[in-house]
Amino acid sequence: MDVPHEQPALSSSKSNRFTSQRQTTGVGTTTVERLEPRLSPASRHITEAKAFGTECHVSSFTREQDPDRAVRVEQIHGEAYVAAGHVYESALDELGRLDNSNAEFILDKARGSTRETEVIYLHAVPAEPLSGSQGEGGLRIVGISAVGSIDDLSAFKAAKPSTGLAHQRKLYDAIEDLGHGGVKEIAALSVTADAPPTVSYSLIREVLRLYHRTGEKLIITFAMPAYAKMVMNFGRFAMPQVGEPFYAHRNNDPRTSNDLLLVPSIVEPSNFLENISRGVVTADDGPTARRRFATLCYMTDGLDDYFMPLTRQALSEGIQDI
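Be aware that the sequence shown starts at 2, since it is given in our numbering, and climbs by one per residue.
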């Protein structure tokens with residue numbers, strides 16, 4: 002999964018984001034910084050969300066419902082992987098998708114539903130194209146069918162050897178509690194080279210809208226450079242790494258880069274926004290805090306008031322000094 006765009010940080014003339022508190026210890030009085038935001042009365046979330054740029058239209062469908070657009074989403078995936086250097090152009094088929102013709106070297110493992118899996122496609126385009134350039138993006142949500150198992154999710158199967166047992170247990174527990182729908186894979190998140198940052202973020206927000214109330218766990222494997230950008234914009238609480246990075250291509254396929262590392266992550270939509278908030282107040286510096294706050298505002302734009310107190314407070318009052 003590769004997302005080449007980085008969200009802009011918001012400008013601010015203030016640098017001290019945290020309150021300071023005098024604390025008495027056994028050896029005297031020291032000053033420590035509390036990881037709590039100072040709140041201003043101004044509501045800024047609409048302005049912050051606009052820092053991303055134009056809004057996007059996101060549509061969801063199955064391959065059977067819209068085969069032509071499904072092919073386009075698959076083409077975007079192929080284009081993004083070539084542009085990022087993950088695969089060579091020889092890895093694309095005649096339609097510009099990752100080539101699946103060789104059963105030994107299957108490059109796109111989420112191409113439509115199978116007996117064991119159910120695939121939903123998401124496609125995003127800017128509502129108002131910028132400078133005559135449309136830009137677009139897509140991803141796929143892979144669920145487990147009634148006759149499938151968690152091992153039929155390619156991300157889980159690939160990441161399992163490097164994923165901690167406690168994290169695996171979370172996924173098994175979700176299936177035990179919610180049935181086969183308790184775990185889903187987010188696959189092939191990718192955008193075209195001319196897409197504004199809102200394209201990838203609108204896709205992530207749509208996934209949040211679908212699952213923020215229902216308790217599912219989402220497993221994602223990010224290309225390492227993309228994961229670093231996700232952490233920068235969302236924080237590690239929202240995008241936790243749950244295992245060691247592993248090589249994407251272990252079969253010496255000459256069409257692929259042998260040094261592509263994937264980072265496994267398990268995302269929980271039910272507390273995703275709270276976890277972004279935690280990333281805001283624990284950021285190492287002001288620009289990172291402002292970037293994550295803008296992410297938080299964009300993710301909540303248009304959602305109902307269902308979120309944890311810190312998130313509601315941050316959005317209703319604004320966070321001062323970031």
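Glycine is no exception: its CB is placed at the ideal position from the N, C-alpha and C atoms.
Legend entry - Endpoints, the beta strand (DSSP E) within which Lys185 is located: 184 to 192
Inset, instruction - Quick one: residues in its chain with C-beta nearer than 8 Å to the C-beta of Arg73, no 5 flanking neighbours on either side, listed in chain order? - result: His124, Glu137, Gly139
Inset, instruction - Kindly indicate which residue of Leu179, Lys171, Arg98 has the alpha-carbon position closest to the one of Ala147. - result: Leu179
Legend entry - Ser271 vs Gly182 beta-carbon contact at 8 Å: no
Inset, instruction - Out of Glu129, Asn103, Ala128, point me to the one whose CA is closest to Arg256's CA. - result: Asn103
Legend entry - Between the CA atoms of Val282 and Gln22 - distance to the nearest angstrom: Note on Gln22: pLDDT 37, under 50, position unreliable in the model; the coordinate value appears next. For Gln22 and Val282, the distance between alpha carbons rounds to 16 Å.
Legend entry - Helix, strand or coil at Tyr202 [DSSP, three-state]: helix
Legend entry - Cβ separation of Asp153 and Glu117, assumed to be a contact under 8 Å, to the nearest whole Å: 4 Å
Legend entry - From Phe294, Glu105, Gln76, residue whose alpha carbon lies closest to that of Leu371: Absent from the structure is residue 371, since the part of the chain shown begins at 2 and ends at 323.
Legend entry - Coarse secondary structure for Phe238, derived from DSSP in three states: coil
Legend entry - Environment of Asp378 [buried if 16+ CB atoms lie within 10 Å]: Since the first and last residues shown for the chain are 2 and 323, residue 378 lies out of range.
Legend entry - Tyr1, DSSP secondary structure in three states: Here the chain comprises residues numbered 2 to 323, so residue 1 is not present and cannot be evaluated.
Inset, instruction - Look up Pro42 in the DSSP assignment and say whether it is helix, strand or coil. - result: Legend: pLDDT at Pro42 = 33, less than 50; position of this residue unreliable, value from coordinates given subsequently. Residue state, collapsed to three classes: coil.
Legend entry - Residues bridged to Ala128 [DSSP beta-bridge criterion]: In the DSSP output, where bridge partners are listed per residue, Ala128 has none listed.
Inset, instruction - Can you tell me which of the three DSSP states Tyr89 falls into? - result: coil
Inset, instruction - Could you have a look at Thr296 and say whether DSSP puts it in helix, strand or coil? - result: helix
Legend entry - Contact with chain C by Ala111, beta-carbon distance below 8 Å: No chain C appears in the structure shown, which is made up of a single protein chain.
Inset, instruction - Could you name the residues of the same chain whose beta carbon sits closer than 6 Å to that of Val192, not counting the 5 residues immediately before and after it, in chain order? - result: Gly138, Val200, Ser201
Legend entry - Residue(s) in a DSSP beta bridge with Gly141: The question names Gly, but residue 141 in the sequence shown is Arg. Tyr122, Ala188, per the DSSP bridge assignment.
Inset, instruction - Kindly indicate which residue of Met225, Leu172, Ala239, Val268 has the alpha-carbon position closest to the one of His87. - result: Met225
Legend entry - Among Met300, Ile220, Ile187, Pro288, nearest to Ser266 - alpha-carbon criterion: Ile220
Legend entry - Beta-carbon separation (whole angstroms), Arg293 vs Phe247, contact threshold 8 Å: Not a contact, Cβ separation roughly 27 Å.
Inset, instruction - Could you tell me if His78 is buried or exposed, where buried requires 16 or more neighbouring beta carbons within 10 angstroms of its beta carbon? - result: buried
Inset, instruction - Compute the Euclidean distance between the alpha carbons of Ile107 and Tyr82, then round it to the nearest angstrom. - result: 14 Å
Inset, instruction - Go ahead and pull the three-state DSSP assignment for Ile107. - result: coil
Inset, instruction - Give every residue of the same chain whose Cβ lies closer than 8 Å to the Cβ of Leu209, excluding the five residues on either side of it in the sequence, and list them in chain order. - result: Pro270, Phe273, Leu274, Met300, Leu304
Legend entry - Cα-Cα separation, His250 to Pro198: 28 Å
Inset, instruction - With distances taken Cα to Cα, identify the nearest neighbour of Ala1 among Ala84, Leu263, Ile277, Asp285. - result: Beyond the ends of the chain as shown, which are 2 and 323, falls residue 1; an answer cannot be given.
Legend entry - Assigned exposure category for His58 - 16 Cβ within 10 Å defines buried: exposed
Legend entry - Euclidean distance between Cα positions of Leu211 and Ser60: 12 Å
Inset, instruction - Would you mind sorting Asp69 into buried or exposed? The rule is 16 or more other CB atoms within 10 Å of its CB. - result: exposed
Inset, instruction - Determine the DSSP secondary structure at Ile47, reduced to helix, strand or coil. - result: In this prediction, Ile47 scores a pLDDT of 39, lower than 50, which makes its location untrustworthy; the coordinate-derived value is nonetheless stated afterwards. Helix.
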